[in-house]
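Note sheet for the following structure.
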Amino acid sequence: HTSPALDTQSLWQKDKDHFIHPFTDFSTFHEEGCDLITDSEGIYVQDSRGNRFIDGIAGLWCVNVGHGRAEIGQAMADQATRMAYFSTFNNLSNAPASELAAKLAELAPAHLNHVFYSCGGSTANDATIRLVHYYFNRLGKPDKKRILSRNNAYHGTTYLAASLTGIESNNWDFDTLDHLVTHLSEANCYRRPEGMSEVEYCDHLVKEFEDAIAEIGADNIAAFIAEPIMGAGGVLVAPEGYLKRMQAVCRANDILLIADEVVTAFGRLGHFFASEAVFDTQPDIINCAKGLSSGYAPLGATLISDELYEVLGTPQRKGGVLSTGFTYSGHPVSCAAALKNIEILERESICENVREVGPYLEERLKTLSHHATVGDVRGSHFMMCLENVADKATKDLLPVEARVGDRVAAEAQRRGLIIRPVGHLNIVSPPLIWTRDTVDQVIAILDEALAATT
Ligand code: PLP
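Using the numbering used here, you'd call the opening residue of the sequence shown number 7 and step up by one each time.
Structural data, given as structure tokens:
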């Protein structure tokens, strides 16, 4: 694919003058400009200067089946020309939305059979909390409102999703809905208290949760929300058995467990959903987005248990309806993209590829630990992270001004690989079609990039 020549100078100017970029430092953006990504194919993306890069971040943890899938484009075009949009409010529906809901119920853990559509991950989480509050209101438990989350969790940036998010810097100078959310400490095995074994650390995290319940009162807590592996907060893998134990505490206290699988679903950990297949848990709700459509169209979904649905779906007050949803809930073009995406994931056994190549990626990334700044290499399968430090023994960080994550990413990009800098971290979350050969190429690039940085 090569797009027609673009007037990049003029585009940069327009961008700089008018496009408010998300998660962007305006000072560096205005000084250095931006890279225009113009073309993509398979594991590669290309910029407007004709430079080709291996995509090490799947767009933004989402292009799971890889770029340039003509059959997804065709499915979207067919749907858009046949019937691009019509409401799903009241008693209206469309074929891709119905098909996809049934497919998601088939793929999800057995008790999750009901789908509420949204526009992405943030709106899925936002809608979920509204539905959870509604659920407890209808059960006659209006005090069950508080949501427990953890520091460094990332759940998005609608007002409510940003409030669930526990990454402190994400909310600098923003307000949050603190009366609704309580954050516990993050599950960070690398930075766990000195001298504590992983087993003791797991006990400690569970106890912290139990203590918070005792303090706030189970009657005031609606749910605990968790990413099975925390993503944007630094790819934090909790200790063995942690999520299952958290689920047991939730069940014992009539607290719902919400799994935010926006990143972990659709193959990133080698399964369509990780909660049950990887972590042996059965959340009351699973949220997904990103890999659901591999980023070809915006889409989010909240998968709800039969038990909750029974309450949400009982007749409304006279003259009332379940008054929540978006114009684009069940958007036909997005749902058509998701259906084709899932067909590809299944046909090409992409989860199997992740189960095969993922451990190799982990093993090879760990070989980079000899570099002076690489304090930790962690993650699972196609969800990995390097943590850069000033001193491996003390785990002290380099000063923020050192911009170490940015520098490693820039050195990698110069050598043909895009990875994501997040503060002092570098995230590797590739399309799920990387092979062992791709991994070898990537490791060679990262080895050089880290050597050039240190
Ligand atoms: N939840 C998790 C775990 C995420 O990683 C993200 C985005 O990165 C979101 C929610 C928010 O999704 P979106 O950006 O589609 O609103």
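Glycine included, each C-beta is placed from N, C-alpha and C at the ideal position.
With burial defined as no fewer than 16 other Cβ atoms inside 10 Å of the residue's Cβ, what is the status of residue i: buried or exposed?
i      : result
Trp178 : exposed
Gln80  : exposed
Ala342 : buried
His36  : exposed
Thr441 : exposed
Val205 : exposed
Ile222 : exposed
His277 : buried
Arg58  : exposed
Ser175 : exposed
Glu267 : buried
Ala450 : exposed
Glu38  : exposed
Glu313 : exposed
Verify whether the separation of the beta carbon atoms of residue i and residue j is less than 8 Å.
i      : j      : result
Gly385 : Glu393 : no
Phe230 : Met252 : yes
Gly240 : Val269 : no
Leu463 : Leu42  : The structure shown does not extend to residue 463, since the chain spans only 7 to 460, so no value can be given for it.
Arg413 : Val360 : no
Leu345 : Leu106 : yes
Ala254 : Ala232 : no
Ser155 : Leu170 : yes
Ile310 : His430 : no
Tyr302 : Met82  : yes
Phe279 : Ile292 : yes
Ala133 : Ser124 : yes
Val71  : Ser435 : no
Phe95  : Gly331 : yes
In whole angstroms, give me the CA-to-CA distance for residue i and residue j.
i      : j      : result
Arg370 : Pro427 : 19 Å
Asn97  : Ile219 : 41 Å
Thr163 : His27  : 14 Å
Ile235 : Asn158 : 11 Å
His377 : Asn432 : 14 Å
Leu305 : Ala455 : 35 Å
Ala111 : Pro102 : 14 Å
Val339 : Lys109 : 16 Å
Gly62  : Tyr315 : 39 Å
Ser46  : Ala168 : 31 Å
Ser329 : Leu166 : 18 Å
Asn143 : Lys151 : 9 Å
Pro148 : His139 : 8 Å
Ile135 : Ser128 : 11 Å
Leu404 : Ala396 : 5 Å
Lys372 : Asn194 : 18 Å
Asn100 : Ala408 : 52 Å
Does any residue of chain C bring its CB to less than 8 Å from the CB of residue i?
i      : result
Val434 : Although the question refers to chain C, the structure presented lacks it and comprises just one protein chain.
Closer than 7 Å: is that where the CB of residue i sits relative to any heavy atom of the ligand PLP?
i      : result
Asp412 : no
Ala303 : no
Tyr207 : no
Glu394 : The amino acid at residue 394 is misidentified as Glu; the sequence shows Asn. False, no ligand heavy atom lies under 7 Å from that Cβ.
Gly172 : no
Val269 : yes
Gly62  : no
Gly240 : no
Ser128 : yes
Ala229 : no
Under 7 Å from any heavy atom of the ligand ATP, does the C-beta of residue i make it?
i      : result
Tyr160 : Ligands displayed in this structure: the ligand PLP; the ligand ATP is not among them.
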